[in-house]
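In structure tokens, the structure reads:
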């Protein structure tokens with residue numbers, strides 16, 4: 259099995275990547291496995307900028323092919339918030355529960371038919387000395403009034419997917435992988451993966 263480095267220390271993200279890349283014949287390694295000391299500050303103002311920043315910095319340091327993602331929730335009624343600030347929406351400390359609380363609080367006055375939102379994921383595939391390639395995936399849904407489900411992570415408990423008639427946190431891993439923003443981005447990436455040099 260070929261190894262691929264994912265530029266994350268987030269266990270939830272690592273599981274998403276494993277579910278989609280292992281069937282393609284890739285063993286997923288995270289920064290915990292190969293370089294726990296590395297921490298790249300996400301200073302970009304877009305998902306794309308942050309993904310490229312992380313992928314290129316880590317690929318250069320490790321002299322290896324690296325996949326980095328930046329992803330988040332975009333709520334139309336909140337002008338695209340929390341967007342690139344999804345992980346630290348309620349403050350600098352990444353806290354899923356307080357982030358969800360802030361979204362629910364802001365959405366109280368929003369009519370049900372205006373609670374549309376999407377998860378967006380941008381992946382950057384970087385190798386030393388090669389041009390970085392970008393892949394993107396989205397998942398459309400609605401923000402619920404309360405948390406439902408205990409699977410997943412981040413905003414999954416309040417993101418309702420009409421196609422499945424449940425929130426992402428109520429889905430089995432295979433269901434989530436089939437429809438999620440990260441799943442869609444990884445499938446785009448997967449079309450390129452077999453041709454990766456040195457992997």
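Numbering (my numbering), first residue to last: 259 to 457.
Glycine included, every Cβ here is placed at the ideal spot set by N, Cα and C.
Exposed or buried, what is residue i when buried is set at 16 or more other beta-carbons lying within 10 Å of its beta-carbon?
| i | result |
| --- | --- |
| residue 290 | exposed |
| residue 456 | At residue 456, the pLDDT of 40 sits below 50, so the modelled position is not reliable; the number obtained from the coordinates is stated separately. Its Cβ having fewer than 16 others within 10 Å, residue 456 is exposed. |
| residue 301 | exposed |
| residue 395 | buried |
| residue 343 | exposed |
| residue 314 | buried |
I'd like to check one pair, residue j with residue i: are the Cβ atoms closer than 8 angstroms?
| i | j | result |
| --- | --- | --- |
| residue 354 | residue 275 | no |
| residue 405 | residue 416 | yes |
| residue 377 | residue 331 | yes |
| residue 442 | residue 397 | yes |
Give the C-beta separation of residue i and residue j to the nearest angstrom, bearing in mind that I take them to be a contact with Cβ-Cβ under 8 angstroms.
| i | j | result |
| --- | --- | --- |
| residue 316 | residue 333 | Between residue 333 and residue 316 the Cβ distance is about 30 angstroms, and since that is not below 8 angstroms, they are no contact. |
| residue 435 | residue 277 | 5 angstroms |
| residue 373 | residue 401 | 4 angstroms |
Which of the three DSSP states, helix, strand or coil, is assigned to residue i?
| i | result |
| --- | --- |
| residue 305 | helix |
| residue 438 | coil |
| residue 256 | Absent from the structure is residue 256, since the part of the chain shown begins at 259 and ends at 457. |
| residue 291 | helix |
| residue 286 | strand |
| residue 448 | helix |
Taking the continuous beta strand (DSSP E) assigned at residue i, which residues delimit it?
| i | result |
| --- | --- |
| residue 377 | 374 to 384 |
So residue i is in the alpha helix (DSSP H); what residue range does that whole segment cover?
| i | result |
| --- | --- |
| residue 270 | 269 to 279 |
| residue 360 | 354 to 365 |
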